[in-house]
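What follows is one structure encoded as structure tokens, with my remarks underneath.
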Amino acid sequence: MKIVVFSDTHLGYCPEMREKEAEENFEKAARLSLELKPDFVLMAGDIFDTREPSQETISRAIDLFKIFWREKSDVEILREGRKEDYPGVPVITIHGTHERRLPGYTNVLEILEKAGLVFYLREEKNKISVKKDGEVVFIFGFSGVPEEFALKTLRELNPKPEGTHNIFVFHQNIKQFLPSEVPGFSLEDLPAGFDLYVDGHLHSPTHKKLNEKSILLITGSTIVTQVRDSENEKGVWLYDTETKNLEFFKLPGQRKLFVKTLEFHNATKAEILREVEDFIRKNLQKPVPIIRIRLRGSLEKGLREKDIVFSHVVEKYKGKAIINIESEFEDLKIKIKELRLSQQEKLSISKLGVRLLGERLKETNFNLDAEKLFTVLQDKKPDKNLEFILKESKKKEVEKK
Ligand SMILES: [Mn+2]
């Protein structure tokens, strides 16, 4: 069978500024996928950028997934022994870190599944088989869980190959591919016996032969979200189960990301604006580039950071560059974001929140999960949901006894 694999499309990424880009790239990836004539498409999570995408994003996503209806496939899809119908080319997916929600909440991928757009592998519905000409491609989907629980959850689930060709798809850290010591899987933790291991999450695409039988594929994202993956080409993978061959196809017309730190010494307003504009002009090109500029150093006496405004620069290059300027001058020591916080930064603030909450909870007698509590507190109806996690924590107490 021929399978197209791609992931981390992050629909809804960076609202108003780069949302269109996530959608454009998804569309390119979907069209490219169909040109490769796959039997089915496999995605490894972070399809959406947030747990609760806007209705605009969901509506657009429906249009995008319908692209897969333009071609046909003749595979048979089996789930829990039942044959499933599908229109077009079937898409199988898991959720990632970005769209993961608590039990009891509806995941946006569930909505897409109900609409017949995807097969969503999660919790007790984590297995699917794709049949064609006597070949059975079995897929075990390990939808994203917090890294601290990943190994425990994997051991509990204990995935085993069930087909003639077997794929384990997940969305977690892999220690060997990260620069620093982080919680997550090691390559040795992966369940034995699968032919292909597909991991989303890490946005730089790569693959590695693990042993005579198995290959690990890190799909990469279809959109640049971090400075460190700015160098990477974005694209989709074609995998052939017969030859175990993997081929990468680049998305056409990719945006470039330019990142620059400008250092100043007793700078004047005019000097700063001039250098900022110089850097922008130097990098103008098609397709419209993303330009991130960081300003550091010191300002001339009497000049304050808030006196330097860049909105007219951003306005001037509208449609020619996507610009993000951030300044942190020595004399103020206050970080001012000229434009909105990027999605990443928002995420790190919530992560920090979870950690602080976790530390406080440890000082109390409550046996509560900080991440759950944090999510609930962010929710529009916290009371109802608080009840839910309080009940859960009581359950835990009883289990302990
Ligand atoms: Mn991602």
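Throughout, the working numbering is defined as the position within the sequence shown, counted from one, plus 706. For every residue, glycine included, the Cβ atom is placed at its ideal position computed from N, Cα and C.
Distance CB(residue i)-CB(residue j) smaller than 8 angstroms
| i | j | result |
| --- | --- | --- |
| Val888 | Glu853 | yes |
| Gly718 | Ser765 | no |
| Asp905 | His871 | no |
| Val982 | Phe1016 | yes |
| Leu784 | Thr799 | no |
| Lys1026 | Leu979 | no |
| Leu773 | Phe746 | The question names Leu, but residue 773 in the sequence shown is Ile. No, Cβ-Cβ distance for Ile773 and Phe746 is not below 8 angstroms. |
| Arg961 | Pro993 | yes |
| Thr974 | Glu1006 | yes |
| Val875 | Leu738 | no |
| Glu977 | Arg1002 | no |
| Leu952 | Ile921 | yes |
| Glu676 | Phe732 | Missing from the structure shown is residue 676; the chain here goes from 707 to 1107 and no further. |
| Val795 | Leu823 | no |
| Ile986 | Tyr945 | no |
| Val711 | Val942 | yes |
| Gly899 | Lys866 | yes |
| Thr947 | Glu1032 | no |
| Leu860 | Pro897 | yes |
| Ile768 | Ala821 | yes |
| Val965 | Arg998 | yes |
| Leu742 | Arg776 | no |
| Leu957 | Lys940 | yes |
Closer than 7 angstroms: residue i CB and nearest ligand 2 heavy atom
| i | result |
| --- | --- |
| Gly926 | Ligand 2 is absent from the structure shown, which contains only ligand 1. |
Assigned secondary structure, residue i (DSSP; H/G/I helix, E/B strand, else coil)
| i | result |
| --- | --- |
| Ala973 | strand |
| Arg737 | helix |
| His1018 | helix |
| Ile768 | helix |
| Leu784 | strand |
| Asn951 | strand |
| Gly941 | strand |
| Lys1041 | Residue confidence is low: Lys1041 scores 43 on pLDDT, short of 50, so the model does not pin down where it sits. Its coordinate-derived value is still stated next. Here Lys1041 sits in coil by DSSP. |
| Arg1000 | strand |
| Asp946 | strand |
| Ile1189 | Nothing about residue 1189 can be reported from this structure: the residues present for the chain run from 707 to 1107 only. |
| Val982 | helix |
| Glu790 | strand |
| Lys992 | coil |
| Glu883 | The question names Glu, but residue 883 is Phe in the sequence shown. Phe883: helix per DSSP, three-state reduction. |
| Leu1058 | helix |
| Gln1049 | Residue placement at Gln1049 is poorly supported in this model, since its pLDDT is 43, which falls under 50; the coordinates are not used for a value here. |
| Lys1078 | helix |
| Thr763 | helix |
| Leu717 | strand |
| Lys921 | Inspection of the sequence shows that residue 921 is occupied by Ile rather than by Lys. Strand. |
| Phe732 | helix |
| Asp905 | strand |
| Phe774 | helix |
| Lys915 | strand |
| Lys956 | strand |
| Leu968 | strand |
| Leu1067 | helix |
| Leu893 | helix |
8 angstroms Cβ cutoff, residue i in contact with chain B
| i | result |
| --- | --- |
| Leu884 | As a matter of chain content, chain B is missing from the structure shown, which is built from one protein chain. |
Close-in-space but distant-in-sequence residues of the same chain around residue i (CB under 7 angstroms, 5 per side omitted)
| i | result |
| --- | --- |
| Phe883 | Leu908 and Ile924 |
| Thr931 | His716, Tyr719, His909 and Gln1050 |
| Leu808 | Lys1078 and Thr1081 |
| Gly1059 | Phe1080 |
| Leu857 | Phe891 and Asp895 |
| Leu770 | Glu729, Phe732, Glu733 and Ala736 |
| Lys837 | Val781, Glu782 and Leu784 |
| Glu819 | Phe825 and Tyr826 |
Nonlocal neighbours in the same chain, by C-beta distance under 8 angstroms from residue i, ignoring five residues either side
| i | result |
| --- | --- |
| Lys833 | Arg785, Glu786, Leu827, Phe844, Ile845, Phe846, Gly847 and Glu868 |
| Asn938 | His909, Ser910, Pro911, Gly926 and Val930 |
| Glu790 | Ile783, Leu784 and Phe825 |
| Ala1076 | Val1060, Arg1061, Leu1063, Gly1064 and Leu1067 |
Sequence-distant residues of the same chain with beta carbon closer than 6 angstroms to residue i, five excluded per side
| i | result |
| --- | --- |
| Asn972 | Ser1004 and Glu1006 |
| Val1020 | Ile1029 |
| Ala750 | Ser713, Val875, His877, Val904, Gly906 and Thr925 |
| Lys914 | Leu922 |
| Glu1036 | Ser1004 |
| Thr763 | Leu717 and Gly718 |
| Gly959 | Pro993 |
Open item on the list: Quick check: the segment 725–745 against the segment 890–910, are at least 3 beta-carbon pairs closer than 8 angstroms?
Closed with: Contact between the segment 890–910 and the segment 725–745 is absent, because fewer than three Cβ pairs lie under 8 angstroms.
- [ ] Please go through the segment 811–880 and give each complete alpha helix (DSSP H) segment of 4 or more residues, from N-terminal end onward.
- [x] For the segment 811–880, whole alpha helix (DSSP H) runs of length 4 or above, ordered along the chain, are 814–820 and 853–863.
Open item on the list: I'd like to know if the segment 793–808 and the segment 824–832 are in contact, where contact means that at least 3 CB-CB pairs between them fall below 8 angstroms.
Closed with: The answer is yes - the segment 824–832 touches the segment 793–808, with three or more Cβ pairs under 8 angstroms.
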